[in-house]
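Student: Encoded as structure tokens, here's the structure I'll be asking about.
2 protein chains.
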Amino acid sequence: MLELAILGLLQESPMHGYELRKELTAKLGAIRAAISYGSLYPTLRRLQAAGWITEAAETPATAEEIPALTSRRGRVVYKITAEGKERFAQLIAQAGPETYDDTGFGVHFAFFSRTDQATRLRILEGRRRTIEERREGLRDVLARAAERLDAYTLELQRHGLDACEREVRWLEELIANERSGRAPTVPQTGTAGGRRETDSPPPPGESRKERP
Amino acid sequence: MLELAILGLLQESPMHGYELRKELTAKLGAIRAAISYGSLYPTLRRLQAAGWITEAAETPATAEEIPALTSRRGRVVYKITAEGKERFAQLIAQAGPETYDDTGFGVHFAFFSRTDQATRLRILEGRRRTIEERREGLRDVLARAAERLDAYTLELQRHGLDACEREVRWLEELIANERSGRAPTVPQTGTAGGRRETDSPPPPGESRKERP
DNA sequence: TCGCGATGTATCGGACCGATACATCGCACG
DNA sequence: CGTGCGATGTATCGGTCCGATACATCGCGA
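Chains as they are written, first to last, in this note's numbering: chain A, 279 to 490; chain B, 279 to 490.
Written out as structure tokens, the structure is:
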């Protein structure tokens, strides 16, 4: 998952670790708290070893005369390679079961603008399926095992069930929009009454050489 | 987290691993998919080594005469010890930062009927704080960095923000109820219009059978 | 009788987290 | 003037948990 996210972000521009973490936090803030350096740096090393990213020298020109003194460590800027872009395209297109759990779906969704429409639709429907199953599980417990559980546990299940129903509706909207070729705009039920006028559908992205 | 959940469940009745997993899935279904055996069994071993739980022989009487033949492995039933109950009480009362993340809060909440009211209130307020901070982070991104992000990422943030606002409202209800000493009943906005008539606040002890 | 799905215990490699360490830079405050 | 502190920045370590896999038993229907 982290691998996919890093490859996706570096496709937008080269970055160093700290920056990557901030961007990651901004982009995935809705689904996870913050990426730990304890997973970020080892992953960067792994990606570099695999040849998907490379170090880009930070201040390449003006090579200082005295390199030995006060060995400045400096920032390490990474950029994606051609192989890395291929890897990203492959990861983004193939959908396993982990594509539909909370984190996996969030990461895939965050890069939907780099995903072709057929894949987007497949992922949205897979996610809907997953949430519907979770929802059915919760309904079962509430209907069949309610007397075994205390009031707090029941309230937790109710809240979870509500969240599932809400997410299914959200996914339905997105799927409908996707089918009709519109931008991912969902009628705002939330806070401010005003709805955003997102002006244009994202040009259906780099439509890779998917078979016509 | 798993440790706390196991200790809590075994306090209700002795169980073997498979059963434990099913109960865990039922009780925590709203917050996590299913506990992996790859973490369950090692944790059981750890808890046993620490003396919090012990093996309870499954078919103690009728010791078979031929123990060497066809060495039946059989189920391993665990029960909690007195030290285990102390450990549970200690874990449930102390609140660190991990108490307020999604999983941690869910596990604590699922055992609220074994938690005293002051601790319940503290945890609910801590959780609200955490979600409010997440909400502010999302609002910041939506207000300040919207033009940097694509339509899909924005939609993800909006959906996340909506979930945060919803959860804060839910927590407000629970906190209000807690303060007034009522049972954890939240006015149902969801599917079926009927509201449950939970008759009494659960006496802070083990109040098993809830409704008659 | 044969197979198959549910029950049941167990391990292994890997992903990710939280704590920690350490170094530099700019700047506010005394 | 210095000095301390928060932001920036890279890095490691131990531990928790997951997903895949293996293997054995039991009941039941074809």
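Backbone N, C-alpha and C define an ideal beta-carbon position, used for all residues, glycine too. Note that the coordinates shown come from a computational prediction; the quantities given were computed from them, not determined experimentally.
1. From A:S314, A:K357, A:I401, A:A328, pick the residue whose C-alpha is nearest to that of G382 (chain A); which is it?
2. For V446 (chain A), which residues in chain B fall below 7 Å Cβ to Cβ?
3. Does DSSP put A341 (chain A) in a helix, a strand or coil?
4. Using a beta-carbon distance below 9 Å, is G468 (chain B) in contact with chain A?
5. Along the chain, which unbroken stretches of the alpha helix (DSSP H) at least 4 residues long are found entirely within the region 386 to 474 of chain A?
6. Enumerate in chain order the residues of its own chain whose CB-to-CB distance from E456 (chain B) is below 8 Å, with the five nearest sequence positions on each side excluded.
7. Would you say Y430 (chain A) faces chain B, with C-beta separation under 9 Å as the test?
8. Determine the contact status of H386 (chain B) and A373 (chain B), defining contact as a CB-CB distance below 9 Å.
9. Which of the three DSSP states, helix, strand or coil, is assigned to A373 (chain B)?
10. Which stretch, first to last residue, makes up the beta strand (DSSP E) that contains Y356 (chain B)?
11. In terms of residues, what are the limits of the alpha helix (DSSP H) holding A304 (chain B)?
12. From A:G329, A:W448, A:D440, A:G415, pick the residue whose C-alpha is nearest to that of R405 (chain A); which is it?
13. Would you mind sorting A360 (chain A) into buried or exposed? The rule is 16 or more other CB atoms within 10 Å of its CB.
14. Answer with buried or exposed for A334 (chain B), where buried requires no fewer than 16 other C-beta atoms within 10 angstroms of its C-beta.
15. Against L416 (chain B), what residues of chain A qualify as contacts under a CB-to-CB distance less than 7 Å, listed in chain order?
16. Pick helix, strand or coil for A312 (chain B), following the three-state DSSP scheme.
17. Since D379 (chain A) meets chain B, which of its residues come closer than 8 Å, beta carbon to beta carbon?
18. Among residues of its own chain, excluding the 5 on either side of M279 (chain A), which ones have a beta-carbon nearer than 7 Å to its beta-carbon?
19. Against chain B, does L452 (chain A) count as a neighbour if the rule is that its beta carbon must be under 9 Å from one of theirs?
20. Which same chain residues, not among the five before or five after E445 (chain A), have their C-beta less than 8 Å away from its C-beta?
21. I need the DSSP call for T332 (chain A), collapsed to helix, strand or coil.
22. Spatial neighbours of L369 (chain A) within its chain, please: C-beta separation below 6 Å, excluding the five flanking residues on both sides.
23. Identify the contact partners of G384 (chain B) in chain A, using a Cβ-Cβ distance below 8 Å as the criterion.
24. How would you call S391 (chain B), buried or exposed, if buried means at least 16 neighbouring beta carbons within 10 angstroms?
25. Tell me which same chain residues have a C-beta within less than 7 Å of the C-beta of T506 (chain B), skipping the five on either side of it?
26. Would the beta-carbon of A311 (chain A) fall within 9 Å of that of Q435 (chain B)?
27. Taking only beta-carbon atoms, is L439 (chain B) less than 9 Å away from chain A?
28. Can you tell me whether G362 (chain A) sits near the ligand FAD, meaning its C-beta is under 8 Å from at least one heavy atom of the ligand?
29. Alpha helix (DSSP H) containing G286 (chain A): first to last residue?
30. Does the Cβ-Cβ distance between E424 (chain B) and L432 (chain B) come in under 9 Å?
31. Taking a Cβ distance cut-off of 7 Å, strictly less, list which residues of the region 387 to 418 of chain A are near chain B, in chain order.
32. Pick helix, strand or coil for P380 (chain A), following the three-state DSSP scheme.
Tutor: Straight from the coordinates:
1. That would be A:I401, whose Cα lies nearest to the Cα of G382 (chain A).
2. What V446 (chain A) touches in chain B: nothing, since even the nearest Cβ is about 12 Å away.
3. Its pLDDT being 41, under 50, A341 (chain A) is placed unreliably in this model, and the coordinates cannot settle the point.
4. Confidence at G468 (chain B) is low in this model, with a pLDDT of 44, below 50, so the placement of that residue should be treated as unreliable; the coordinate-derived value is given next. Chain A places a beta carbon closer than 9 Å to that of G468 (chain B), counting this residue as a contact.
5. DSSP runs (the alpha helix (DSSP H)) wholly in the region 386 to 474 of chain A: 395 to 422, 429 to 458.
6. Q395, R398, L399, L402, P462, listed in sequence order.
7. So, interface residue.
8. Contact flag set, yes.
9. The answer is coil: DSSP assigns A373 (chain B) none of H, G, I, E or B.
10. From DSSP, the beta strand (DSSP E) with Y356 (chain B) extends over 355 to 358.
11. 295 to 306 is the span of the alpha helix (DSSP H), which, as asked, contains A304 (chain B).
12. Comparing Cα positions, the closest option is A:W448.
13. A360 (chain A) should be labelled exposed.
14. Its Cβ having fewer than 16 others within 10 Å, A334 (chain B) is exposed.
15. Residues of chain A passing the Cβ test: G307, A308.
16. Collapsing the DSSP output to three states places A312 (chain B) in coil.
17. Per Cβ cutoff of 8 Å: A311.
18. Apart from sequence neighbours up to five positions away, the residues of its chain that approach M279 (chain A) with a beta-carbon distance below 7 Å are T381, G382, V385, ordered along the chain.
19. The beta carbon of L452 (chain A) sits closer than 9 Å to some beta carbon of chain B.
20. Beyond the five residues adjoining it in sequence on each side, E445 (chain A) comes within less than 8 Å, by CB distance, of I409 in the same chain, given in chain order.
21. Looking at T332 (chain A) - three-state DSSP - the assignment turns out to be strand.
22. L282, listed in sequence order.
23. L434, listed in chain order.
24. Classification for S391 (chain B): buried.
25. In the structure as shown, chain B begins at 279 and stops at 490. Residue 506 (chain B) is therefore absent and cannot be evaluated.
26. 9 Å or more divides the Cβ of A311 (chain A) from the Cβ of Q435 (chain B).
27. With 9 Å as the cut-off, L439 (chain B) counts as an interface residue toward chain A.
28. Absent from the structure shown: the ligand FAD. Ligands present: none.
29. Residue range 280 to 290 is occupied by the alpha helix (DSSP H) that includes G286 (chain A).
30. First, the residue type needs correcting, since residue 424 (chain B) is Ala and not Glu in the sequence shown. For A424 (chain B) and L432 (chain B), yes; Cβs fall inside 9 Å.
31. Taken in chain order, the members of the region 387 to 418 of chain A whose beta-carbon sits within less than 7 Å of a beta-carbon on chain B are F387, A388, F390, S391, G415, L416.
32. Contrary to the premise, residue 380 (chain A) reads as Asp rather than Pro in this sequence. Helix at D380 (chain A).
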